[in-house]
Every structure is written in structure tokens, then in C-alpha cells.
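**Q** Here you go, one structure.
Residue numbers (the numbering used here): -6 to 294.
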């Protein structure tokens, strides 16, 4: 009987000693496209899952989702944004007979991770830390993928902003057209003509017809005539300048334009330049210059 009590006492001391010196167990898992593992969870102790990148649900560059089929037993602790880990725990008061099971399906950065979860009453079966690792090639691939995703997102963001600007510009243009429709224009004749003589004897004639004034805007209307019976005239551009009366220097003006691209033989075409009236100095001369494939022609008034 004495030997029996000594044996029981020795086993009890051994169990207490083993429990007091138990150390956390960690597991390193290399990430693959499809990663599977089975884990046991001891009540009152948590398991931390650590990744080589941040886990943010709203991060489009490293997208992350986590679906837990038995979160009533295998409870995810509240996770702070900007972290690379999360914790799953079984409540301390939970009485387990190794019958509680669940699955956790993780999708992150293109990796599919499936974790089969079991509750256990054996503390030695519990794993405290699971660390997911990446090789150098996988890490570089992820970086390049994130860069590509961010570039794509930036391009889309810029496109959306430009689309918004285009819409705003169109709305403002419509509003301005409406404003012009409410005002009677004032027309002033210019009737200025200039001729460009080509080497073959053909002529390109620029005729500045008139200016149409609205509140805030001036519209200069001009015609281009082609007296050739065989060749067309290609119109490359049109420009409007103020002429400095002292130096004769041409001062370019900002304007919007609608000009023809081509004038057929024995034909004529009309163009307009629209400028802000505030940029026009009535005391200075104006020059309208049209550039063609045969040279430039200028009218001054």
C-alpha cells in the first residue's frame, strides 16, 4: 500500500512539473496556392496566425477574406487594421470532448488556405503560433502583383477624375450656350482679305468676315477659298495674335477653334475662333493666321 501511494504521489508531481514547464508550440507553413492544415485548440488558449503581409479587408492590392464555419466555438478575436496576424481562441469555460470541429477558409493575395479546426482537452496538442512563410520568388511575385494592382488602381482613379472633369466641362459648356442664347449678339464687320500665292500660280484666299460679340466672348468668323481647279488645300492650324504697335511683335492669344481640315478645288470653307473678350485690346491690331500645306496666310486689321 505504501508503494502505491508513493507511485501516485510521484505521478502527480510529474504531471504538475510537466504542466508548469509546458512551452508554446509554433508551426511554420510555407504558403502554396492551396495550403491545408489541421489544428487542435485547447480551451482558454489562443492560436495566432501570422502572415508575411498586412491583412486588410479593404485592401484591393492584397485582398483578404476569412470565412469561419464555427465561430461560436472557434472565436476570432477583434483584429486591428494594419496588422499581419489574427487570433482564434476557444472559450476557457468550454468543455471539450474532442467533438467540436469547424473549418476556416482564408483567401489572401491569391492564396487559398483551408484550416480544419478541432477542440481538444489535451494541452500538449495545442499550437500557439502558426507562421505562414514565403520563398523569395513568391515574395517578389507578390510585390510585382501589388505594384501592378496599384498602378491599375491609379490609372482608373485618374480616368475617373478626367471623366468627371469632362462631364463638368460639358455641363459648363452647355450652361454657356444657354447664356449665349439669352443674349442678342452684336456683329461688327471686318471684311479683311489676304492672299497666299503658290508657286504653280494657284491662290489660297483668307477672308476675315466679321466678329460676333457676346457678353464675355468674341467669335471671329473667317472663310478660306481655294481657286485651284485641281488641288485641294489642307488646313493645318489657325492662330490669333495681338500686334504690339511699337515693336510689331505678335502676342499669341488663347482661344478655342473650329476650323476646316480641307478645302476642295474651287471650294470654300468656314472657320471660327472664340476668345475671351477681356484679352482683346481695342487699341491694338489683330492678326489671324491660317497655316496650310502650301504655307501661311495672314490677315491684319
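Beta carbons: idealized from backbone N, C-alpha and C, even for Gly. Since the model is a prediction, treat every value here as computed from it, not as a measurement.
1. Put residue 263 into one of helix, strand or coil per three-state DSSP.
2. Starting from the C-beta of residue 179, find all residues in its chain whose C-beta is less than 7 Å away, skip the five residues before and the five after it, and write them out in chain order.
3. In whole angstroms, give me the CA-to-CA distance for residue 184 and residue 244.
4. Could you pull out every residue in the same chain whose Cβ sits closer than 8 Å to the Cβ of residue 25, ignoring the five residues on either side in sequence?
5. Indicate whether residue 187 and residue 216 have their beta-carbon atoms separated by less than 7 Å.
6. Among 82, 58, 59, which residue has its Cα nearest to the Cα of residue 65?
7. Run through DSSP, which three-state label would residue 235 get?
8. Note the first and the last residue of the continuous beta strand (DSSP E) segment covering residue 122.
9. Using the DSSP secondary-structure output, state which residues sit across from residue 288 in a beta bridge.
10. Note down, in chain order, each residue of its chain lying with its Cβ closer than 8 Å to the Cβ of residue 189, except the 5 sequence neighbours on either side.
11. Of the residues 223, 211, 131, 250, which one's Cα is nearest the Cα of residue 256?
12. Which ranges would you report for the alpha helix (DSSP H) in the region 40 to 73 if only whole runs of at least 4 residues count?
13. Identify which residue in 135, 165, 32 has its Cα closest to the Cα of residue 122.
14. For residue 157, collect the residues of the same chain with a Cβ closer than 7 Å to its Cβ; drop the 5 residues on either side in sequence, then sort them by chain order.
15. Ignoring anything shorter than 3 residues, give me the beta strand (DSSP E) runs that lie fully in the region 178 to 209, in order along the chain.
16. Leaving aside the five residues before and after residue 248 along the sequence, list all residues of the same chain whose C-beta is less than 7 Å from its C-beta, in chain order.
17. If you compare alpha carbons, which of 214, 57, 58, 84 is closest to residue 70?
18. So residue 74 and residue 93 are in contact, right, with Cβ under 8 Å, and what is the actual spacing, rounded?
19. State the DSSP-derived secondary structure class of residue 152, mapped to helix, strand or coil.
20. What span of residues does the beta strand (DSSP E) with residue 250 cover, start to end?
21. Taking buried to mean at least 16 other C-beta atoms within 10 Å of its own C-beta, is residue 44 buried or exposed?
22. Any idea if residue 272 is buried or exposed, counting beta-carbon neighbours within 10 angstroms, 16 or more meaning buried?
23. State the start and end residues of the unbroken beta strand (DSSP E) segment that holds residue 22.
24. Could you check whether residue 80 and residue 37 sit closer than 7 Å to each other, using their CB atoms as the reference points?
25. Could you have a look at residue 26 and say whether DSSP puts it in helix, strand or coil?
**A** To lay it out plainly:
1. As a first step, residue 263 must be located in the chain shown, where it is residue number 270. It is a strand residue.
2. In the chain shown, residue 179 corresponds to position 186, counting from 1. Excluding the 5 residues flanking it on each side, residue 179 has same chain C-beta neighbours closer than 7 Å at 206, in chain order.
3. Walking along the chain shown from the start, residue 184 turns up at place 191. Walking along the chain shown from the start, residue 244 turns up at place 251. If I take the Cα positions, the gap works out to 22 Å.
4. Reading the chain shown from its first residue, position 32 is the one you call residue 25. So the qualifying residues of the chain are 104.
5. Reading the chain shown from its first residue, position 194 is the one you call residue 187. Reading the chain shown from its first residue, position 223 is the one you call residue 216. No; because the gap between Cβ atoms is not below 7 Å, this pair is not in contact.
6. For the purposes of this step, residue 65 is taken as the residue at position 72 of the chain shown. For residue 65, the closest of 82, 58, 59 by C-alpha to C-alpha distance is 82.
7. Within the chain shown, residue 235 is the residue found at index 242, counting from 1. DSSP places residue 235 in the strand class (E or B) of the three-state scheme.
8. On the chain shown, position 129 is the one that residue 122 refers to. Per DSSP, residue 122 belongs to the beta strand (DSSP E) from 122 to 126.
9. Taking the first residue of the chain shown as position 1, residue 288 is located at position 295. Paired residues: 285.
10. Within the chain shown, numbered from 1, the residue matching residue 189 stands at position 196. Taken in chain order, the residues that qualify are 196, 197, 198, 199, 285, 287, 288, 289, 290.
11. The residue labelled residue 256 in the question sits at position 263 within the chain shown. Residue 223 is the option with its Cα nearest to residue 256.
12. Considered as a whole, the region 40 to 73 harbours no complete run of any alpha helix (DSSP H) with no fewer than 4 residues.
13. Sequence index remark: in the chain shown, residue 122 carries index 129 (1-based). Comparing Cα-Cα distances from residue 122 to each of 135, 165, 32, the minimum goes to 32.
14. Start at 1 with the first residue of the chain shown, and residue 157 comes out as number 164. The beta carbon of residue 157 lies closer than 7 Å to none in the same chain, with the five residues before and after it left out.
15. You should have 179 to 190, 196 to 207.
16. Taking the first residue of the chain shown as position 1, residue 248 is located at position 255. Around residue 248, the same chain offers 233, 266, 267, 268 as residues with beta carbons nearer than 7 Å, after the five sequence neighbours per side are excluded.
17. Residue mapping note: residue 70 aligns to position 77 of the chain shown, counting from 1. The residue with the shortest Cα to Cα distance from residue 70 is 84.
18. Indexing the chain shown from 1 puts residue 74 at position 81. Indexing the chain shown from 1 puts residue 93 at position 100. The Cβ separation is near 30 Å, so there is no contact.
19. For the purposes of this step, residue 152 is taken as residue 159 along the chain shown, with counting starting at 1. DSSP, read as helix, strand or coil, puts residue 152 in helix.
20. Position 257 of the chain shown, counted from the start, is the residue given in the question as residue 250. Per DSSP, residue 250 is one residue of the beta strand (DSSP E) stretching across 248 to 251.
21. To locate residue 44, count along the chain shown from 1; it is residue 51. Counting the other CB atoms within 10 Å of its CB gives residue 44 a total of 16 or more, which places it among the buried residues.
22. Mapped onto the chain shown, residue 272 falls at position 279. Exposed.
23. Translated into positions along the chain shown, residue 22 becomes position 29. Annotation: the continuous beta strand (DSSP E) that includes residue 22 extends over 19 to 23.
24. Position 44 of the chain shown, counting from 1, holds the residue named residue 37. Position 87 of the chain shown, counting from 1, holds the residue named residue 80. No, they are not a contact pair.
25. For the purposes of this step, residue 26 is identified with residue 33 of the chain shown, where counting begins at 1. In this structure, residue 26 counts as coil in the three-state DSSP scheme.
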